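K.L.:
My questions will all concern the structure given below.
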Amino acid sequence: MDPVILDQINFDPAPEKLIKKMRLKPGSGQEKLLLELLGEGIKVARPRAIVSIAGIDEHLKDGVVLEGIRIESKVMAVNLSEVHRVFPYIVTAGRELYDWTQSKDDLLDKYFADQISQNALHIAEEFLLSHLKETFQMGRTSSLNPGSLKDWPITGQVALFRLLGNPLQTIGVELMASMLMIPNQTVSGIRYSSKSDFSSCELCPREKCSHRRARYDETLLREKYT
């Protein structure tokens with residue numbers, strides 16, 4: 006299947022949720038500034054996503070072969086052992102919000118703009134997930150992301166971009182030599198049907214992480230993935 010571009014994602018944030026998340030005092034100058042910037046951001050935002058179907062050509066002991074592309078990952082080998090197709094994807098807040106954020110000279114303005122972009126990314130992620138579930142009648146799903154674990158390092162971005170054609174041309178996402186993506190508020194990964202919930206956080210021992218979604222489970226790591 007050729008990659009599908011999702012570029013009609015409506016950025017309609019809930020200001021009160023963003024204010025609460027950022028712990029801003031109601032009626033404060035910072036709240037007023039955030040609301041002003043949010044109004045600007047809504048006008049320029051164009052979050053996007055690209056997704057494709059990749060058949061699993063071969064299940065390996067320490068990885069898989071997707072559409073002729075070999076990916077080495079013990080976690081992927083285990084989690085995809087009963088799966089025959091996956092959905093490579095990239096989701097981004099968009100180049101427009103990125104350029105808008107970079108145009109801010111004041112540090113507080115730039116920080117707030119980045120938080121707004123992060124919110125746009127979250128909305129785009131939810132849009133993609135809904136699209137997959139509705140289009141392909143998917144029930145429970147999980148996601149694997151390059152760089153979230155040593156098992157599938159950040160260099161895995163190269164294979165992912167190959168599976169999706171030319172993301173720079175289609176959705177404005179560029180893969181740098183450092184393997185980081187621009188716009189910075191962008192995520193990439195492989196989503197798949199799963200019988201149980203899985204989060205890479207369960208296998209990551211790093212203690213201080215603002216993005217942690219689940220507790221580290223050393224027993225799970227030892228018994229299932231080693």
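If you use our numbering, the sequence shown corresponds to residues 6 to 231, in order.
All C-beta atoms in this analysis are idealised placements derived from N, C-alpha and C, irrespective of residue type, glycine included.
From a predicted model like this one, the values you see are computed outputs, not experimental measurements.
Any idea which residues DSSP pairs F92 with across the strands?
P.N.:
DSSP, once it has assigned bridges, lists R196 as partnering F92.
K.L.:
Find the nearest neighbour of N84 within the set E223, D67, A182 and A118, judged by alpha-carbon distance.
P.N.:
Closest by alpha carbon: D67.
K.L.:
Just the C-alpha distance for H136 and S57, rounded to the nearest angstrom, thanks.
P.N.:
Approximately 12 Å between the Cα atoms of the pair.
K.L.:
Leaving out five residues before and five after P210 in sequence, what residues of the same chain have Cβ atoms less than 6 Å from its Cβ?
P.N.:
The answer, listed in chain order, is Y221.
K.L.:
Below 7 Å CB to CB, which residues in the same chain sit around L133 once its five sequence neighbours on both sides are set aside?
P.N.:
Closer than 7 Å at the Cβ level, and outside the excluded window around L133, lie L11, A54, V56, Y94 and V96.
K.L.:
With respect to the alpha helix (DSSP H) encompassing A129, which residues constitute its N-terminal and C-terminal limits?
P.N.:
That run of the alpha helix (DSSP H) goes L112 to F141.
K.L.:
Using CA atoms only, rank isn't needed, just tell me which of I195, E228, S193 and R90 is closest to L208.
P.N.:
Here the closest residue by C-alpha is E228.
K.L.:
So who's on the other strand from E101, going by DSSP bridges?
P.N.:
DSSP, once it has assigned bridges, lists no residue as partnering E101.
K.L.:
Rounded to whole angstroms, what's the CA-CA distance from M143 to E130? Just pull it up for me.
P.N.:
Straight-line Cα distance between these residues: approximately 16 Å.
K.L.:
Going straight from the alpha carbon of K200 to that of P31, what length do you get?
P.N.:
Answer to the nearest angstrom: the Cα atoms are 43 Å apart.
K.L.:
Measuring CB to CB, does I128 end up less than 8 Å from L43?
P.N.:
No. Outside cutoff.
K.L.:
Can you tell me which residues form a DSSP beta bridge with I55?
P.N.:
DSSP, once it has assigned bridges, lists I10 and I95 as partnering I55.
K.L.:
Relative to the C-alpha of E63, which residue among E45, E87 and I14 is closest?
P.N.:
Among E45, E87 and I14, the Cα nearest to that of E63 is on E87.
K.L.:
Alpha helix (DSSP H) containing R227: first to last residue?
P.N.:
Counting along the chain, the alpha helix (DSSP H) containing R227 begins and ends at E223 to Y230.
K.L.:
Pull up the distance between the alpha-carbon of K51 and that of D104, whole angstroms please.
P.N.:
The displayed chain sequence assigns Arg, not Lys, to residue 51. Whole-angstrom Cα-Cα distance: 12 Å.
K.L.:
Would you tell me roughly how many angstroms separate the C-alpha atoms of V91 and E72, rounded to the nearest one?
P.N.:
Cα-Cα distance, rounded: 10 Å.
K.L.:
Give every residue of the same chain whose Cβ lies closer than 7 Å to the Cβ of L40, excluding the five residues on either side of it in the sequence, and list them in chain order.
P.N.:
Excluding sequence neighbours, L40 sits near P20.
K.L.:
Among I74, I159, L185 and I47, whose alpha-carbon lies nearest the alpha-carbon of A59?
P.N.:
The candidate whose alpha carbon is nearest that of A59 is I74.
K.L.:
Please determine, among Y197, E139, F166 and V192, the residue with the shortest C-alpha to C-alpha distance to G99.
P.N.:
Nearest option by C-alpha distance: V192.
K.L.:
In this structure, how does DSSP classify E179 when only helix, strand and coil are distinguished?
P.N.:
In the structure shown, E179 sits in a strand (DSSP, three-state: E or B).
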